[in-house]
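Colleague:
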Amino acid sequence: MSGFLFSNEQLSEEASIPKEDAFWEVLVVDDEEDIHQVTKLVLSDFRFEEKSLRFHHAYSAQQAMEILEGDNSISVGLIDVVMENNHAGLDLIKFIRNDIANHDIRLILRTGQPGEAPEESVIRDYDINDYKNKTELTAVKLKTLLYSALRSHRDLQTIELHKKGLERIIAASSSFLECDNVQDFASTILDHVSQVLGLSDSEIYCAAATNRQTDSGSQFKLLAASGEGVEPSSEKIPTNVKNLFIETHNRKTSCKSCNEYVGYFTSKGGLETMLYVSKKSSLRSTDCQLLEFFANNIALAHDNIKLRETVKESQRELSYILGEAVEKRSKETGSHVKRVAMYSKLLAELSGINSYQAEIIKMASPLHDIGKIGIPDVILNKPGKLTSDEWELMQTHAQLGYEILKNSTNEILQCGATIAHQHHEKWDGSGYPQGLSGENIDIVGRITALADVFDALGSKRCYKTAWPLEKVISEIKSQKSKQFDPKLVDLFINNLEQFILIRDNHPD
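Final position of the sequence shown in the UniProt record's numbering is 508; the numbers increase by one with none missing.
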């Protein structure tokens, strides 16, 4: 053996038995077998944070490279300088830091020939964490060195866990921004809680709830729970979870235990959001910190979604009010615009339009006759047939509606402008005001045209009585490929019972 690795220390031959999979991985790189044996012996009873050491042995720099290329779990490397050549250990350090870009492993250079690698230049030029002469290393000093190196590695791993967790929180938060409603939002919570912790769904149980700060704790609304889908009944969750939500509401603060966490966050509007997570194994401090960040984002996202729903509902109501105002002026039923809106959304979804755009069509379609505000009452409410001049004036309502709405930057009103302009165009090109045909007519105009005619024919007007359903369907079929898009007519006929259900649920 070259020099003394340990001196003046009594070595213990008793090794404690570590728990399975609870190890710190240590790589010993030295060309002398005695160094491996003595290092392993002196550290046999070493434990740090309830974990023992597991040793990996390499007898050359090349062998260490092969080990490290396939294993990034090693926490500490004890590396000799002189092995197959005088600078083999230094070459190994360059390989670790530069070639395989492993910056987490703590590297301790040990040498019995300090003249081959002067300490000052090595510390300056190589990314190592300590430099020791083998002759100065006692058993106590080696253990001290390991404690320091493992603490450093643990802290780096903690930072990396936080980094990855925060990246997952950012990804989850981006998903929240894409949610159109609370139901989508609740599903997103369930999808992302396990991802934030880097676990599988089967390893955790999650539940999210909301409440008003001033209400009773038992009045919370359950947004989602593992295995129960979105917006389930509060009776679906375990009693202990229910009690924790109530207790958290009463205490107005987050709480945690060994394997349970309940996050509590409030909004400016007086709402509170609570997130419960339990894990089969113990929750680490990093788990709770990440959940705290995530739960805070859930609360902010929930506020934003509720605000967006309020704005959307306001826009929907405004569209209905404007549409109904026109209908009342022409002495038609106010329910007409609501039914047309629902028919239009259903037809849009059946035609393959995504749910977001279908909702836009629903909110915009009540504005289809907004241009009638510019038509004189004597024409609008004439009980008999219009003269050619009166009919020509009546037709201008499509252009008038477009002119009223076209300059808005709001996507609902932009859609409403297109609908107002084109809902009297016909598939065969015989409609007005532009004489568009086929797919040159925007899909929103084609959809609303069919929805409007279906409801208008079946409703009583000042100039006609309501048609029976059979006659309405016959007329729509006869106008397939003439007035109406043939594909939309087929979808309408094949799903007629859904349209009738809407009609029956919203009578005049």
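Beta carbons: idealized from backbone N, C-alpha and C, even for Gly.
Identify whether Asp130 lies in helix, strand or coil by the three-state DSSP scheme.
Modeller: In this structure, Asp130 counts as strand in the three-state DSSP scheme.
Colleague: Look at Leu68 and Phe23 and say whether their C-beta atoms are less than 8 Å apart.
Modeller: Going by C-beta atoms, Leu68 is not nearer than 8 Å to Phe23.
Colleague: Would you check if the distance between the CB atom of Asp504 and the CB atom of Arg339 is smaller than 8 Å?
Modeller: No. Outside cutoff.
Colleague: From the DSSP output, in three-state form, read off Thr214 for me.
Modeller: Note: Thr214 maps to coil in three-state DSSP.
Colleague: Closer than 6 Å by C-beta to Ala208: which residues in its own chain qualify, once you throw out the five before and the five after it? Chain order, please.
Modeller: Only Ile189, Leu223, Ala224, Leu275 meet the Cβ criterion.
Colleague: Below 8 Å, how does it come out for the region 484–491 and the region 313–321: are there three or more Cβ pairs, yes or no?
Modeller: Judged by Cβ distances under 8 Å, the region 484–491 makes no contact with the region 313–321, as fewer than three pairs qualify.
Colleague: Mind checking Leu27: buried by the 16 CB within 10 Å criterion, or exposed?
Modeller: Per the 10 Å Cβ criterion, buried.
Colleague: Tell me whether the beta-carbon of Gly401 lies closer than 8 Å to the beta-carbon of Asp369.
Modeller: Their beta carbons are under 8 Å apart, which means Gly401 touches Asp369 by this criterion.
Colleague: Helix, strand or coil, according to DSSP, for Asp80 in the structure here?
Modeller: Residue state, collapsed to three classes: strand.
Colleague: State the DSSP-derived secondary structure class of Phe492, mapped to helix, strand or coil.
Modeller: DSSP places Phe492 in helix when its eight states are reduced to three.
Colleague: With 16 as the cutoff for other CB atoms within 10 Å, does Tyr343 come out buried or exposed?
Modeller: By the neighbour-count rule (16 or more Cβ atoms within 10 Å), Tyr343 is buried.
Colleague: Do Leu107 and Asn129 count as a contact pair if the criterion is CB distance below 8 Å?
Modeller: Yes, the pair counts as a contact, with Cβ atoms nearer than the cut-off.
Colleague: Express the C-alpha separation of Ala348 and Leu291 in angstroms, rounding to a whole number.
Modeller: Answer to the nearest angstrom: the Cα atoms are 40 Å apart.
Colleague: In whole angstroms, what separates the C-alpha of Lys362 from that of Ser282?
Modeller: Distance between the alpha carbons of Lys362 and Ser282 is about 49 Å.
Colleague: Does the region 418–431 come close enough to the region 440–453 that 3 or more CB-CB pairs lie under 8 Å?
Modeller: Touching, yes, given that three or more Cβ pairs across the two stretches are closer than 8 Å.
Colleague: Which residues in the same chain as Ile17 place their Cβ atom closer than 7 Å to its Cβ, once the five residues preceding and following it in sequence are excluded?
Modeller: Residue confidence for Ile17 is low, a pLDDT of 34 falling below 50, so the modelled location carries little weight; the figure read from the coordinates is stated next. If we look at Ile17 and ignore the five residues flanking it on each side, it has no Cβ neighbours.
Colleague: Using a Cβ-Cβ cutoff of less than 6 Å, which residues in the same chain neighbour Ile500 once the five nearest sequence positions on both sides are dropped?
Modeller: Contacts found: none.
Colleague: Cutting at 8 Å between CB atoms, please list the residues of its own chain near Lys256, excluding the five before and the five after it.
Modeller: Excluding residues within five positions, the ones whose Cβ falls inside 8 Å are Val262, Leu283, Cys288.
Colleague: In whole angstroms, what is the alpha-carbon distance linking Ala364 and Lys372?
Modeller: Computed Cα separation, rounded: 16 Å.
Colleague: At which residue ranges does the UniProt domain "Response regulatory" (25–149) contain complete beta strand (DSSP E) runs of 3 or more residues, listed in the order of the chain?
Modeller: Complete beta strand (DSSP E) runs here, min 3: 51–58, 76–80, 106–111, 130–133.
Colleague: Relative to the C-alpha of His336, which candidate in Asp428, Ala301, Asp508, Leu450 has its C-alpha closest?
Modeller: That would be Asp508, whose Cα lies nearest to the Cα of His336.
Colleague: To the nearest angstrom, report how far apart Gly429 and Gly438 are at their CA atoms.
Modeller: Near 7 Å, if we compare the C-alpha coordinates of Gly438 and Gly429.
Colleague: Relative to the C-alpha of Phe55, which residue among Gln37, Glu32, Leu436 is closest?
Modeller: Answer by Cα proximity: Gln37.
Colleague: Could you please give the first and the last residue of the uninterrupted alpha helix (DSSP H) stretch that includes Gly431?
Modeller: Unbroken run through Gly431: none, as it is neither H nor E.
Colleague: Considering only DSSP beta bridges, list what Lys256 is partnered with.
Modeller: Answer by DSSP bridge pairing, in chain order: Tyr261.
Colleague: Report all residues from its chain with a CB closer than 8 Å to the CB of Ala46; omit the five preceding and five following residues, and keep chain order.
Modeller: Residue identity check: residue 46 is Phe in the sequence provided, not Ala. Excluding sequence neighbours, Phe46 sits near Ser52, Leu53, Lys143, Leu146.
Colleague: Tell me Glu272's beta-bridge partners as DSSP assigns them.
Modeller: Paired residues: Asn211, Thr266.
Colleague: Using a Cβ-Cβ cutoff of less than 8 Å, which residues in the same chain neighbour Gln395 once the five nearest sequence positions on both sides are dropped?
Modeller: These residues qualify, in order along the chain: His424, Tyr432, Pro433.
Colleague: Buried or exposed: where does Cys258 fall if 16 or more other Cβ atoms within 10 Å of its Cβ makes it buried?
Modeller: Cys258 is exposed by the Cβ-count criterion.
Colleague: Can the beta-carbon of Val82 be found less than 8 Å from the beta-carbon of Gln63?
Modeller: Cβ distance not < 8 Å, so Val82 and Gln63 don't count as in contact.
Colleague: Kindly indicate the opening and closing residues of the beta strand (DSSP E) around Ala225.
Modeller: Unbroken beta strand (DSSP E) run through Ala225: 221–225.
Colleague: Given Leu161, which residues of its chain have a CB within under 6 Å of its CB, disregarding the five upstream and five downstream residues?
Modeller: Around Leu161: Thr286.
Colleague: Would you report the Cα separation of Ser226 and Asn494, rounded to the nearest angstrom?
Modeller: About 37 Å.
Colleague: Where does Ile204 fall in DSSP's three states?
Modeller: In the structure shown, Ile204 sits in a strand (DSSP, three-state: E or B).
Colleague: Write down every uninterrupted run of the alpha helix (DSSP H) in the region 326–381 whose length is 4 residues or greater and which is fully enclosed by it, in chain order.
Modeller: Qualifying alpha helix (DSSP H) stretches, in chain order: 335–350, 355–364, 377–380.
Colleague: If you measure between the beta carbons of Lys482 and Lys426, is that distance less than 8 Å?
Modeller: Yes.
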